[in-house]
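Enquirer: Chains as they are written, first to last, in our numbering: chain G, 1 to 492; chain D, 1 to 163. We put the beta carbon where it would ideally sit given N, CA and C, even for glycine.
Okay, structure coming up:
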């Protein structure tokens, strides 16, 4: 235990490592906040020049960028309705309406504090439960991952806006978009139409930037002459009574986020969706309806997506499996530095594990400091004339998309998704379910087919497995619960 | 009518072009269903076409339902036209200039194409004259280039026209 604390405090005690973590957090916040850029891109780019660094320095920087980026994505989600990271999609649902009412600083202040709470919970879960959770997730069978993906898609009901049918359409469209390219199991071409450009599929980040960034720019063109909302900067730091009021919900959402983040293949975006749905359930009569500026929705999303960061480190460090796209990049970086993440990491190199926990804790504290002190600057972004802001967003979106694979084809996809997203938004469709479908579609596909193969394509055995295994049965019950809720919501 | 914020929980009238759009989505769903079936047919539950076909079924059902619902909605007002409400001139201009930007970025390079895009966009959208537009464009582009190209070392398209 004494050794664990010693390793935990290395990043705090060493001035240079402290500086790297703080700088990484700062950079992550601002990169994550810029519309058109992504945390994955920031981590990918920054990792490239840490290859020659010492491993401790590289880990310190990466932890800061990850934590900061996830938080930073919420800023533009609140101010501009353009999530800077996938995990901030849900934040925009209530954050942006709050900004339109002139409550941006309160929204950002409260989301900062709750992000800090979420981050702390995620780190505690990582430190305490990593060995236990890693053993539990080993019990998940492919059918369980399939059901988890179905559960995630059913949450489209919480995101569907004016029509559940439109939400289902967008989710299914997202699944199809996620299928484009080569089948991961058989390398068979799907929806490629014989073209090389489609063989690699549509990059998820390009689609996200297109549907959220470009489409939103086109939507904003209709309001080019509208005066920007002057934000009230009176109360940035939330009152203790406000924090105390929402703390129970924040802790619940953080717990959801940490657990979901710990599941391989799922990340802050899915955690935020589940937490949002939970918040709707436990808050039947909010002061402001969900989707129109409910603080409960904002807090649930922000607490959970930051908690998911700590959770995502669990499979990364203990199983060597990425928790999300960012940790996938980080696993590659660890290999470059000669570190083998996996079940033996905690036994062979425990100092790295506790050192990482220390870095994440420091990064989380930096979020609180930078987040609360930089709000005025960010609030001014919304006052920037749209005539300047919109073209800049387009250019940044092009830079961010091009940086994925240095391919202008990705930029074309981004533009195409932007046009489609504009018309979908105009006619009452929500684009968030599309991204949900793109994320979950491949997971659903591979898991379902692996589950089918394991029962030799016998649907009887497949269905029997749904009720005969405890974890599977729990997921089936969860799906039934969400389905009934969705249908009840439609009838109302 | 606000084109971009549909009424929630209320029966709203149809927007111009909405019936055609939902019809196109249904037609697209039929095409997707056809191509999904062609991947592997009904050969087995673990075939590559299984999940695409499942998704295509949901696409078809939801788009058909939406099409019927849209057809039943009240027609848009006579003064609400597609060209004015959904694709006003500012939208068409911006789509064209963005398309021109991304189509020329490889030929002209990032700096030239971005400068041109920013200048014309800010000139039309901000409407403060060419001098201010070019000054803002240069400053913004300089910041973007320094941060992304020099500090983050992001590779940006180089002009192929000179090669």
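Return helix, strand or coil for residue 190 of chain G, following the three-state DSSP convention.
Expert: Looking up residue 190 of chain G in the first chain gives position 190. Three-state DSSP puts residue 190 of chain G in a strand.
Enquirer: By the DSSP assignment, the alpha helix (DSSP H) with residue 350 of chain G in it spans what residues?
Expert: Counted from its first residue, the first chain places residue 350 of chain G at position 350. Residue 350 of chain G -> alpha helix (DSSP H) spans 350-373.
Enquirer: Just mark residue 459 of chain G as buried or exposed, buried being the case when its beta carbon has 16 or more other beta carbons within 10 Å.
Expert: Taking the first residue of the first chain as 1, we reach residue 459 of chain G at position 459. Exposed is the call here.
Enquirer: Kindly indicate if chain G contains any beta-carbon less than 7 angstroms away from that of residue 33 of chain D.
Expert: Counting from one through the second chain, the residue named residue 33 of chain D turns up at place 33. So, not an interface residue.
Enquirer: Quick one: Cα of residue 136 of chain D to Cα of residue 77 of chain G, how far?
Expert: Walking along the second chain from the start, residue 136 of chain D turns up at place 136. Walking along the first chain from the start, residue 77 of chain G turns up at place 77. Rounded to whole angstroms, residue 136 of chain D to residue 77 of chain G spans 25 angstroms at the Cα level.
Enquirer: Should the stretch 109-119 of chain D be regarded as contacting the stretch 40-52 of chain D, the criterion being three or more beta carbon pairs within less than 8 angstroms?
Expert: Cβ pair count under 8 angstroms is below three, so no.
Enquirer: Under 8 angstroms by Cβ, that's how I've got residue 267 of chain G and residue 87 of chain G pegged, so tell me the actual separation to the nearest angstrom.
Expert: On the first chain, position 267 is the one that residue 267 of chain G refers to. On the first chain, position 87 is the one that residue 87 of chain G refers to. Confirmed, Cβ separation roughly 7 angstroms.
Enquirer: Pull up the distance between the alpha-carbon of residue 105 of chain G and that of residue 213 of chain G, whole angstroms please.
Expert: For the purposes of this step, residue 105 of chain G is taken as residue 105 along the first chain, with counting starting at 1. For the purposes of this step, residue 213 of chain G is taken as residue 213 along the first chain, with counting starting at 1. Their backbone Cα atoms lie some 22 angstroms apart in a straight line.
Enquirer: Report the residue from D/44, D/15, D/150 whose alpha carbon sits nearest the alpha carbon of residue 78 of chain D.
Expert: Walking along the second chain from the start, residue 78 of chain D turns up at place 78. Closest option to residue 78 of chain D, Cα to Cα, is D/15.
Enquirer: Apply the 10 Å Cβ neighbour rule to residue 225 of chain G and answer buried if 16 or more other Cβ atoms are within range, or exposed otherwise.
Expert: Along the first chain, read from residue 1 onward, the residue named residue 225 of chain G stands at position 225. That one is exposed.
Enquirer: Relative to the alpha-carbon of residue 20 of chain G, which residue among G/346, G/362, G/129, G/190 has its alpha-carbon at the smallest distance?
Expert: The residue given as residue 20 of chain G occupies position 20 in the first chain. Measuring from the Cα of residue 20 of chain G, the nearest candidate turns out to be G/362.
Enquirer: Output needed for residue 8 of chain D: all residues of its chain with C-beta closer than 7 angstroms, excluding positions within five of it in sequence on either side, in chain order.
Expert: Translated into the one-based positions of the second chain, residue 8 of chain D becomes position 8. Low confidence applies to residue 8 of chain D: its pLDDT is 38, below 50, so where it sits in the model is not reliable, and the reading given next is rough at best. Here the set comprises nothing.
Enquirer: Taking 7 angstroms as the CB-CB cut-off, is residue 211 of chain G touching chain D?
Expert: Residue mapping note: residue 211 of chain G aligns to position 211 of the first chain, counting from 1. No Cβ of chain D is located within less than 7 angstroms of the beta carbon of residue 211 of chain G.
Enquirer: Which residues mark the beginning and the end of the alpha helix (DSSP H) in which residue 405 of chain G is found?
Expert: For the purposes of this step, residue 405 of chain G is taken as residue 405 along the first chain, with counting starting at 1. Looking at the DSSP string, the run of the alpha helix (DSSP H) that includes residue 405 of chain G is 386-405.
Enquirer: Are there 16 or more other CB atoms within 10 angstroms of the CB of residue 430 of chain G, so buried, or fewer, so exposed?
Expert: Along the first chain, read from residue 1 onward, the residue named residue 430 of chain G stands at position 430. It is buried - the Cβ of residue 430 of chain G has at least 16 other Cβ atoms within 10 Å.
Enquirer: Less than 7 angstroms between C-beta atoms, sequence neighbours within five positions excluded: which residues of the same chain meet that for residue 23 of chain D?
Expert: Position 23 of the second chain, counted from the start, is the residue given in the question as residue 23 of chain D. Only 67 meet the Cβ criterion.
Enquirer: Between which residues of its own chain and residue 4 of chain D is the CB-CB distance below 6 angstroms, once the five residues before and five after are set aside?
Expert: Here the question's residue 4 of chain D lines up with position 4 in the second chain. With a pLDDT of 40 at residue 4 of chain D, under the threshold of 50, the modelled position of this residue cannot be trusted; read the value that follows with caution. Contacts found: none.
Enquirer: Helix or strand or just coil, what does DSSP make of residue 84 of chain G?
Expert: In the first chain, counting from the first residue as 1, residue 84 of chain G sits at position 84. DSSP places residue 84 of chain G in coil when its eight states are reduced to three.
Enquirer: Report yes or no: is there a C-beta of chain G within less than 7 angstroms of the C-beta of residue 55 of chain D?
Expert: To locate residue 55 of chain D, count along the second chain from 1; it is residue 55. True, the Cβ-Cβ gap to chain G drops below 7 angstroms.
Enquirer: Let me know if residue 280 of chain G comes out buried or exposed under the rule of 16 or more other beta-carbons within 10 Å of its beta-carbon.
Expert: Here residue 280 of chain G is taken as the residue at index 280 of the first chain, counted from 1. Looking at its Cβ environment, which holds 16 or more other Cβ atoms inside 10 Å, residue 280 of chain G is buried.
Enquirer: Just tell me which of G/179, G/199, G/239 has its CA closest to the CA of residue 441 of chain G.
Expert: By 1-based counting over the first chain, the position of residue 441 of chain G is 441. It is G/179 whose Cα lies nearest to the Cα of residue 441 of chain G.
Enquirer: Taking the continuous alpha helix (DSSP H) assigned at residue 442 of chain G, which residues delimit it?
Expert: Here residue 442 of chain G refers to the residue found at position 442 of the first chain. Counting along the chain, the alpha helix (DSSP H) containing residue 442 of chain G begins and ends at 432-454.
Enquirer: Give, in chain order, every unbroken run of the alpha helix (DSSP H) that is at least 4 residues long and sits entirely within the stretch 163-217 of chain G.
Expert: 164-179, 196-199, 204-208
Enquirer: Going along the stretch 342-376 of chain G in order, which residues come within less than 7 angstroms of chain D, judged by CB to CB distance?
Expert: none
Enquirer: Is there at least one Cβ from chain G nearer than 7 angstroms to residue 20 of chain D's Cβ?
Expert: One-based indexing of the second chain puts residue 20 of chain D at position 20. Chain G, which has no Cβ nearer than 7 angstroms to the Cβ of residue 20 of chain D, makes this no.
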